[in-house]
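Residue numbers (my numbering): 2 to 114.
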């Protein structure tokens, strides 16, 4: 549950910003949390993990587990990546030299304190 307070604080700050935060969920479970928090309007892309809820049908897919489409991910210009350990190979995503501005990464298993 370390991720929930961070996400809530992030969304509160985003509400005050002029431009909404661009979020890509790289784990279906994180996508579900975004829906439960009614923050799906911040999502610009998702990693597919099955049938999508109606609210997400028009969002671009960045692949499936183990098959991340890095080119599509980069084209979405996310500012925040939500992931679950094992959903993607993190070093291959975050170390890409193609990022104009590397996104923040939220992983619930990594303590930020």
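Heads up, the beta-carbon is just placed ideally off N, CA and C, and yes, glycines get one too.
- Beyond the five residues adjoining it in sequence on each side, residue 77 comes within less than 8 Å, by CB distance, of 23, 25, 45, 46, 61, 63 in the same chain, given in chain order.
- When DSSP states are grouped into helix, strand and coil, residue 20 belongs to the coil group.
- DSSP places residue 30 in the helix class (H, G or I) of the three-state scheme.
- Judged by their CB atoms, residue 84 and residue 40 are not nearer to each other than the 8 Å cut-off.
- Bounds of any alpha helix (DSSP H) do not take in residue 88, whose DSSP letter is neither H nor E.
- In the three-state DSSP reduction, residue 73 falls in the helix class (H, G or I).
- Here residue 36 carries a helix assignment [DSSP, helix/strand/coil].
- Partner residues in the beta bridge of residue 106, as assigned by DSSP, are 82.
- Rounded to the nearest whole angstrom, the CA to CA distance from residue 38 to residue 53 is 17 Å.
- The alpha-carbon separation between residue 102 and residue 55 amounts to approximately 31 Å.
- For residue 65, the beta-bridge partners assigned by DSSP are 49, 68.
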